[in-house]
Amino acid sequence: MNSQNSQIQPQARYILPSFIEHSSFGVKESNPYNKLFEERIIFLGVQ
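Now the structure itself:
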């Protein structure tokens with residue numbers, strides 16, 4: 025066993041949902057964070 029195999033590889037821990045919006049301007053794929061940013065609902069901080 026070499027040292028590269030013994031190290032733990034990073035994994036994606038979160039699944040980010042995406043959705044498609046249809047409007048008169050066209051189709052847009054987005055995610056919840058983009059939507060909150062567009063609506064200017066932003067929280068920057070640590071709890």
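Residues in the sequence shown are numbered consecutively from 25, following our numbering.
Glycine included, C-beta positions come from ideal geometry on N, C-alpha and C.
Reduced DSSP secondary structure (H/G/I, E/B, other) of residue i
| i | result |
| --- | --- |
| residue 67 | coil |
| residue 61 | helix |
Residue range of the unbroken beta strand (DSSP E) whose run includes residue i
| i | result |
| --- | --- |
| residue 43 | 43-47 |
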